[in-house]
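K.L.:
Residue numbers (my numbering): 2 to 491.
1. If we count the other Cβ atoms within 10 Å of its Cβ and call it buried at 16 or more, is residue 59 buried or exposed?
2. May I ask which residues mark the beginning and end of the beta strand (DSSP E) holding residue 186?
3. Which of the three DSSP states is assigned to residue 233 in this structure?
4. Which whole-angstrom value describes the C-beta separation of residue 336 and residue 238, a residue pair presumed to lie in contact below a C-beta threshold of 8 Å?
5. To the nearest angstrom, how far is the alpha carbon of residue 479 from that of residue 110?
6. To the nearest angstrom, how far is the alpha carbon of residue 53 from that of residue 178?
7. Just list the residues that DSSP pairs residue 312 with in beta bridges.
8. Which residue comes first and which comes last in the beta strand (DSSP E) that contains residue 126?
9. The beta strand (DSSP E) spanning residue 262 covers which residue range?
10. Take the Cβ of residue 259 as the centre, count every other Cβ of all protein chains shown within 10 Å, and call the residue buried at 16 or more, exposed below.
11. Can you check the region 127-188 for any beta strand (DSSP E) of at least 3 residues that lies completely inside it and give the ranges in chain order?
12. By how many angstroms is the C-alpha of residue 402 removed from the C-alpha of residue 83?
13. Could you tell me the distance, in whole angstroms, from the CA atom of residue 198 to the CA atom of residue 174?
14. Could you tell me whether the region 457-467 touches the region 134-151, where touching means 3 or more Cβ pairs closer than 8 Å?
15. Where does residue 204 land, buried or exposed, given buried means 16+ other C-beta within 10 angstroms?
16. Could you tell me the alpha carbon to alpha carbon distance between residue 277 and residue 220, rounded to whole angstroms?
17. Quick check: the Cα distance between residue 412 and residue 394, rounded to an integer number of angstroms?
18. Is the distance from the Cβ of residue 227 to the Cβ of residue 281 below 8 Å?
19. For the region 305-323 and the region 227-236, state whether three or more C-beta atom pairs, one from each stretch, are separated by less than 8 Å.
20. Ordered along the chain, which non-local residues of its own chain (more than five positions away) have a Cβ less than 7 Å from that of residue 266?
21. How long is the line joining the alpha carbons of residue 443 and residue 357, rounded to whole angstroms?
22. Starting from residue 46 and walking both ways along the beta strand (DSSP E), at which residues does that stretch end?
23. Contact check, residue 454 vs residue 132 under 8 Å by CB: the rounded distance?
24. Between the region 381-391 and the region 343-354, are three or more C-beta pairs nearer than 8 Å?
25. Would you decide whether residue 295 is buried or exposed? Buried here means 16 or more other CB atoms lie within 10 Å of its CB.
26. Taking only runs of the alpha helix (DSSP H) that begin and end inside the region 317-405, which ones reach a length of at least 4 residues, in chain order?
27. Can you give me the start and stop residues for the beta strand (DSSP E) that residue 74 sits inside?
28. Considering only the beta carbon of each residue, do residue 181 and residue 127 sit closer than 8 Å?
29. Expressed to the nearest angstrom, what Euclidean distance is found between the alpha-carbon atoms of residue 262 and residue 275?
30. Mind listing, in chain order, the continuous alpha helix (DSSP H) runs of no fewer than 4 residues lying wholly within the region 410-472?
31. Here's the rule I'm using: 16 or more other beta-carbon atoms within 10 Å means buried, otherwise exposed. How should residue 470 be labelled?
32. Which residue wins for smallest C-alpha separation from residue 440, given the options 34, 65 and 183?
33. Just the C-alpha distance for residue 91 and residue 435, rounded to the nearest angstrom, thanks.
34. Alpha carbon to alpha carbon, how far is residue 56 from residue 105?
35. Checking the sheet assignment: what are the DSSP bridge partners for residue 252?
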């Protein structure tokens, strides 16, 4: 049966192949990059909603720039349905209902794996759901370090270097993200004493456990500690926040080992449930109750509550700087309640339990080591990284461009569109403060969590059994251990 979840918004053993000029990838020279850009390439992506319009726009522009080239686009998922749940004077609440079909993702991953191993795969792959660790271990991806180092037309300083550095895995760069995002925490300044809030700011980082330790002694039973529900379909809420921050305790993709039964996973499950039973966090909606309208109602019903801490995605940052400038915006992660935010201040960027600061991306690409046209594939990938493409209206991403110039221009364009024209001094100062916050928070990023979509789907499926009461934490842990052991041994 196909399943649904909601997002709430406002507004792949093969040896490395030969390059086209006959040199192996490890023997790239500057002369390789002076070759003629021509021929046909294919780009494959799973997510139609995120990729199709942007890639089609890029393909046509690239073909015009390099006559004699042809770029084919393949996408596979269904387009999402967007529904308006309500509106008012201050904000409009929308949901994007996306068909969550784990079997479809698995089928796509298997198809790509089969094609790429047979030598008939695409030249470029969007890597958002593909198993990077498996593909790297099988030598089916180009190490892009050599391209970036040798190509005279690529200047790494034009991009956010800490994002590119954090993307490296097993001594190589196997994909390049076009954009990035992060999560951060906010605190309610009316609830957090000044001697504690003095330790917060845009140059700080905290894990969820850090803030739980800070907040527990302050909790008086009147207001909730966190705006995170215990569990939410769509991989949101307190469970997923803490799971993601501690994922290395449970899954090690480099060694191919899973660890769900040493007690830490069951402790995580039970702790999150206890938080909701004690009223520290809202209770989530699980099972058959997880329909779009019900989920939206659950999230918006806490809009009049105060929370000591809130968990946000970076796309929400703008609201912290525009609320006093004639424009009110609201965004929320799946599994997060809105709550009163008029007194919110930034506590710091979200860190993992080990202190590393991760990023995520919506669009990132790899080059197939079996590609017959690597020069054109690399040139197209560089084209996607250009300022013009990263500021394209079809980018369809609220994440930040890795292209430094494009990121600054996007800030300007976003604020200009927000205020429908020329900004006054207060609004321009808000934009400058926002830009400073984005760059300062981004400076702390130093990690990318390598994940496996199939394992994520296993966790999503089985964790629900605990939160809807149909299985104990120990039963879920044993079930996940058996499933992941079988999967990782394949």
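By construction, the Cβ of each residue, glycine as well, lies at the ideal position given by its N, Cα and C atoms.
P.N.:
So, from the listed chains and residues:
1. Counted from its first residue, the chain shown places residue 59 at position 58. Buried, by the Cβ-count rule.
2. As a working note, residue 186 is residue 185 in the chain shown. 184-189 is the span of the beta strand (DSSP E), which, as asked, contains residue 186.
3. The count along the chain shown starts at 1 and reaches residue 233 at position 232. In this structure, residue 233 counts as strand in the three-state DSSP scheme.
4. Numbered from its first residue, the chain shown carries residue 336 at position 335. Numbered from its first residue, the chain shown carries residue 238 at position 237. Confirmed, Cβ separation roughly 3 Å.
5. Counted from its first residue, the chain shown places residue 479 at position 478. Counted from its first residue, the chain shown places residue 110 at position 109. Computed Cα separation, rounded: 26 Å.
6. The count along the chain shown starts at 1 and reaches residue 53 at position 52. The count along the chain shown starts at 1 and reaches residue 178 at position 177. Going by the C-alpha atoms only, they are around 17 Å apart.
7. Residue 312 sits at position 311 when you count from the first residue of the chain shown. For residue 312, which the question treats as bridged, DSSP gives the partners 186.
8. Within the chain shown, numbered from 1, the residue matching residue 126 stands at position 125. Residue 126 -> beta strand (DSSP E) spans 125-127.
9. The residue given as residue 262 occupies position 261 in the chain shown. Unbroken run through residue 262: none, as it is neither H nor E.
10. In the chain shown, the residue the question calls residue 259 occupies position 258. Buried, by the Cβ-count rule.
11. none
12. As a working mapping, residue 83 is identified with position 82 in the chain shown. As a working mapping, residue 402 is identified with position 401 in the chain shown. Model confidence at residue 83 stands at a pLDDT of 45, short of 50, so the residue's coordinates are unreliable; what they give is reported in the following sentence. The alpha-carbon atoms of residue 83 and residue 402 are separated by roughly 24 Å.
13. Within the chain shown, the letter at position 197 stands for residue 198. Within the chain shown, the letter at position 173 stands for residue 174. Whole-angstrom Cα-Cα distance: 39 Å.
14. no
15. The residue labelled residue 204 in the question sits at position 203 within the chain shown. So residue 204 counts as exposed.
16. As a first step, residue 277 must be located in the chain shown, where it is residue number 276. As a first step, residue 220 must be located in the chain shown, where it is residue number 219. Each residue's alpha carbon lies about 14 Å from the other.
17. Translated into the one-based positions of the chain shown, residue 412 becomes position 411. Translated into the one-based positions of the chain shown, residue 394 becomes position 393. Their Cα atoms are separated by approximately 13 Å.
18. Numbered from 1 along the chain shown, position 226 holds the residue referred to as residue 227. Numbered from 1 along the chain shown, position 280 holds the residue referred to as residue 281. Result yes, Cβ atoms of residue 227 and residue 281 sit closer than 8 Å.
19. yes
20. Sequence index remark: in the chain shown, residue 266 carries index 265 (1-based). For residue 266, where only same-chain residues beyond five positions count, the Cβ hits under 7 Å are 251 and 478.
21. Within the chain shown, the letter at position 442 stands for residue 443. Within the chain shown, the letter at position 356 stands for residue 357. Going by the C-alpha atoms only, they are around 13 Å apart.
22. Taking the first residue of the chain shown as position 1, residue 46 is located at position 45. Taken as a continuous stretch (DSSP letters only), the beta strand (DSSP E) holding residue 46 covers 40-46.
23. On the chain shown, position 453 is the one that residue 454 refers to. On the chain shown, position 131 is the one that residue 132 refers to. Confirmed, about 7 Å.
24. no
25. In the chain shown, the residue the question calls residue 295 occupies position 294. Below a pLDDT of 50, predicted positions are generally treated as unreliable, and residue 295, at 40, falls in that range; the measurement from the model is reported next regardless. So residue 295 counts as exposed.
26. 318-323, 375-385 and 388-391
27. Walking along the chain shown from the start, residue 74 turns up at place 73. Residues 70-76.
28. As a first step, residue 181 is located in the chain shown; it is residue number 180 there, counting from the start. As a first step, residue 127 is located in the chain shown; it is residue number 126 there, counting from the start. Not a contact, by the Cβ cut-off of 8 Å.
29. The residue labelled residue 262 in the question sits at position 261 within the chain shown. The residue labelled residue 275 in the question sits at position 274 within the chain shown. About 20 Å.
30. 426-443 and 454-468
31. Taking the chain shown and counting its residues from 1, one reaches residue 470 at position 469. That one is exposed.
32. As a working note, residue 440 is residue 439 in the chain shown. Residue 183 is the option with its Cα nearest to residue 440.
33. The count along the chain shown starts at 1 and reaches residue 91 at position 90. The count along the chain shown starts at 1 and reaches residue 435 at position 434. Because the pLDDT of residue 91 is 40, which lies under 50, any placement of that residue in the model is unreliable, and the question is left without a value.
34. Position 55 of the chain shown holds residue 56. Position 104 of the chain shown holds residue 105. Distance between the alpha carbons of residue 56 and residue 105: 21 Å.
35. In the chain shown, counting from the first residue as 1, residue 252 sits at position 251. Paired residue(s): 259.
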